[in-house]
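Position 31, counted from 1, in the sequence shown is what the numbering used here calls 11; the numbers after and before it change by one each time, with no gaps. All residues carry an ideal CB built from backbone N, CA and C; glycine is no exception.
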Amino acid sequence: IEFHNNWLGEETVIVNGQVVSKKSSIWGTNHYFAIPENGADVKYILTSKLTDGMQVALDLIRNGELVQENVPVPFGS
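Right, here's the structure in full:
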């Protein structure tokens, strides 16, 4: 799962080379997508947010369970 953002607030989520979500956000947003795994679609929510220090961070939820929390994102990644 790749996450890209820019200074205009454009966010893109890419899985296996395909764009699965694209949104504009300044304060953060939820990206909803599914990935086929072992013949079944697994639902994901990737949440972008700003920390208290104005750093972009990500949370990743897989089928309702938190997988990663507060993963820092380098600016313009």
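In three-state terms, what does DSSP make of residue i?
i, result
"Asn(-14)", "coil"
"Gly19", "coil"
"Gly44", "coil"
"Asp39", "strand"
For my contact list, residue i and residue j are in at a C-beta cut-off of 8 Å; report their separation, rounded to the angstrom.
i, j, result
"Gly(-3)", "Thr27", "Wrong, their Cβ atoms sit about 23 Å apart, outside the cutoff."
I'd like the list of long-range same chain contacts for residue i, defined as Cβ closer than 7 Å, with 5 residues on each side in sequence excluded.
i, result
"Pro52", "Gln35 and Ala37"
The beta strand (DSSP E) spanning residue i covers which residue range?
i, result
"Gln(-2)", "Gln(-2) to Ser4"
"Ile(-19)", "Element bounds for Ile(-19): n/a, residue is neither H nor E."
Can you give me the Cβ contacts of residue i inside the same chain, cut-off strictly under 6 Å, excluding the 5 residues immediately before and after it?
i, result
"Ile(-19)", "Val(-5)"
"Ile6", "Gly(-11)"
Residues in the same chain with beta-carbon distance under 8 Å from residue i, minus the five sequence neighbours each way, listed in chain order, please.
i, result
"Leu30", "Trp7, Gly8, Val36 and Ala37"
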